[in-house]
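Remarks on the structure that follows.
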Amino acid sequence: MHVLVLFAHPRRRSFTGELADAFCQGLQGAGHSVEFADLYAEGFDPLLDDGQFGLETAMDPLGPRPADVQAEQARLERAEGLVFIYPFWWSDVPALLKGWFDRVWSYGYAYAYEADLSRSTRLKVRKALALCPAGHTDDKLDALGLREAHRRVMVEDRLLGVGIPEARLELLGGLSGNPAEVRQQLLLCAKALGEGF
Ligand SMILES: Cc1cc2nc3c(=O)[nH]c(=O)nc-3n(C[C@H](O)[C@H](O)[C@H](O)COP(=O)(O)O)c2cc1C
Numbered sequence: 001m002h003v004l005v006l007f008a009h010p011r012r013r014s015f016t017g018e019l020a021d022a023f024c025q026g027l028q029g030a031g032h033s034v035e036f037a038d039l040y041a042e043g044f045d046p047l048l049d050d051g052q053f054g055l056e057t058a059m060d061p062l063g064p065r066p067a068d069v070q071a072e073q074a075r076l077e078r079a080e081g082l083v084f085i086y087p088f089w090w091s092d093v094p095a096l097l098k099g100w101f102d103r104v105w106s107y108g109y110a111y112a113y114e115a116d117l118s119r120s121t122r123l124k125v126r127k128a129l130a131l132c133p134a135g136h137t138d139d140k141l142d143a144l145g146l147r148e149a150h151r152r153v154m155v156e157d158r159l160l161g162v163g164i165p166e167a168r169l170e171l172l173g174g175l176s177g178n179p180a181e182v183r184q185q186l187l188l189c190a191k192a193l194g195e196g197f
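Here it is as structure tokens:
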């Protein structure tokens, strides 16, 4: 499978970056081809401006979208698998990645309403994964309902909700204080997730 990995952390040499490396190593070991996109390093502009706001709300599926959005969508066209790797910030994706959804999941591409009001999509991705390290422990993420909250938003709405047939979240807790044994265990986990993708 050809897999597009979208990495959203300002620091490539972070623990999230190490997780991304381990995951990609697993993917490649299993024979998948990988396209790695570092959204911060590429300078992706996450702000949906007045011009694109007009296009989105006009609900014209053929209205031309900005060139950078078209470039993101062209890269998606090549992918059967889609993986987001990002840190858990204030119980959500970093703002840059939220803006990626605002702009790239555009009307007429990620979703459109048909005459009978059903939703359609032009996305061809078959399988998606959100891989996200978090500071809170797994127990705390569960006790506060944060894992389920993020799964609903990220998986049910942003991925399954636009017609991707298979999607899941791996929220990997326990990174506050940077414990070496937790990091090591999570890197193995990320590699195994890549192998099993
Ligand atoms: C701005 C910011 C917000 C954060 N918000 C949360 C949060 O809401 N929940 C949580 O569990 N961890 C939170 N964290 C901790 C990060 O998720 C954790 O440090 C990160 O996953 C570790 O990866 P890194 O070293 O690659 O950044 C936050 C960290 C930062 C810098």
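For the sequence shown, the residue numbers in the UniProt record's numbering are 1 to 197. Ideal placement from N, C-alpha and C gives every residue a C-beta, glycine not left out.
Residue i burial status per 10 Å Cβ neighbour count (16 or more: buried)
i, result
"residue 124", "exposed"
"residue 31", "exposed"
"residue 179", "exposed"
"residue 106", "buried"
"residue 169", "buried"
"residue 81", "buried"
"residue 29", "exposed"
"residue 22", "buried"
"residue 158", "buried"
"residue 113", "exposed"
Residue i, DSSP secondary structure in three states
i, result
"residue 122", "coil"
"residue 71", "helix"
"residue 136", "coil"
"residue 172", "strand"
"residue 83", "strand"
"residue 104", "helix"
"residue 4", "strand"
"residue 141", "helix"
"residue 112", "strand"
"residue 42", "coil"
Interface flag, residue i vs chain B, CB-CB below 8 Å
i, result
"residue 105", "The structure shown has no chain B; it contains just one protein chain."
Pairwise C-alpha distance: residue j and residue i
i, j, result
"residue 89", "residue 15", "14 Å"
"residue 200", "residue 117", "Since the first residue of the chain shown is 1 and the last is 197, residue 200 is not available in this structure."
"residue 66", "residue 52", "7 Å"
"residue 6", "residue 119", "25 Å"
"residue 10", "residue 36", "15 Å"
"residue 209", "residue 63", "Shown here, the chain extends from 1 to 197; a query on residue 209 therefore has no answer."
"residue 133", "residue 59", "36 Å"
"residue 121", "residue 96", "23 Å"
Exercise. At a cut of 8 Å, does the stretch 179-190 reach the stretch 145-152 through at least three beta carbon pairs?
Worked result: no
For this session: When you get a sec, list the residues whose CB is within less than 6 Å of any heavy atom of ligand 1, chain order please.
Result: 9, 14, 15, 16, 87, 88, 89, 90, 91, 133, 134, 135, 136, 175
Problem set entry | Cβ contact (3+ pairs, closer than 8 Å) linking the stretch 33-52 and the stretch 88-103 | yes
Exercise. Is the number of C-beta pairs between the stretch 151-165 and the stretch 125-132 that are closer than 8 Å three or more?
Worked result: yes
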